[in-house]
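The structure under discussion appears below in the form of structure tokens.
Numbering (my numbering), first residue to last: 5 to 196.
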């Protein structure tokens, strides 16, 4: 392969890496824009995005390392891509997104509803947008992954609140299965 062909191959690889990096940056920017619109009442809905930040960071790190390696091997440094400034801007977005989310979660008022008072309470839990589950197997994966991350693994919710959320998202056969469960933490685990 001639030097010109090698250089063209390197430029092509850098172009792909640059596009990948821009996509990852846009994902973090979207998370940041979303968390700015998030309130204490809607913080739980942001949790899946918050958890995805780590995956995006890992992918960005791989992409940046590949760019650094390719920059070092370039036959013509005029085609090298900037790494430090992009990484700094990316890190700022990630840290600001995390900080904003953690501030929202930290400022959520503590939930003090006993399991006995939930059924008789006039209080309404905040609405969380999760698709309902009717018992059809093809719905299970999407329902469970979202319910698990937004409700079941949410330490800010009591077991009683989690169970009430579960009941509110079940329909048809799935609701029939748990309709007669008495409210206990063990029943929540059984229901899910």
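C-beta: ideal position from N, C-alpha, C; glycine also.
Asked: Among the candidates 26, 35 and 75, whose CA atom is the shortest distance from the CA of residue 58?; Found: 35
Asked: So, with DSSP's three-state summary, where would you put residue 174?; Found: strand
Asked: Which term fits residue 48, buried or exposed, when burial requires 16 or more other beta carbons within 10 angstroms of its beta carbon?; Found: buried
Asked: Whose C-alpha, out of 182, 18 and 32, is nearest the C-alpha of residue 99?; Found: 32
Asked: Checking the sheet assignment: what are the DSSP bridge partners for residue 137?; Found: 174
Asked: Quick check: residue 173 and residue 136, are their CB atoms within less than 8 Å of each other?; Found: yes
Asked: Keeping to the same chain, check which residues put their C-beta closer than 6 Å to that of residue 101; ignore five residues upstream and five downstream.; Found: 35, 36 and 39
Asked: My output table needs one value for residue 160: the three-state DSSP class, helix, strand or coil.; Found: coil
Asked: Going by other Cβ atoms of all chains shown within 10 Å of its Cβ, with 16 needed for buried, is residue 165 buried or exposed?; Found: buried
Asked: Report the CB separation of residue 68 from residue 87 in whole angstroms; it is logged as a contact under 8 Å.; Found: 6 Å
Asked: For the candidate residues 61, 51 and 18, whose alpha-carbon lies nearest to that of residue 30?; Found: 61
Asked: Compute the distance between the beta-carbons of residue 182 and residue 154, then report whether it is under 8 Å.; Found: no
Asked: With distances taken between CB atoms, is the gap from residue 85 to residue 22 smaller than 8 Å?; Found: yes
Asked: Does the Cβ-Cβ distance between residue 151 and residue 105 come in under 8 Å?; Found: no
Asked: Residue 96 to residue 140, Cα distance in whole Å?; Found: 43 Å
Asked: Leaving out the 5 sequence neighbours to the left and right, which residues in its chain are closer than 8 Å to residue 42 when beta-carbon positions are compared?; Found: 49, 50, 104, 105 and 108
Asked: If I'm right that residue 175 touches residue 90 with Cβ under 8 Å, what's the distance once you round it to whole angstroms?; Found: Contact flag wrong, Cβ pair sits at about 47 Å.
Asked: In terms of residues, what are the limits of the alpha helix (DSSP H) holding residue 111?; Found: Residue 111 -> no alpha helix (DSSP H), and no H or E assigned at all.
Asked: According to DSSP, is residue 84 part of a helix, a strand, or is it coil?; Found: coil
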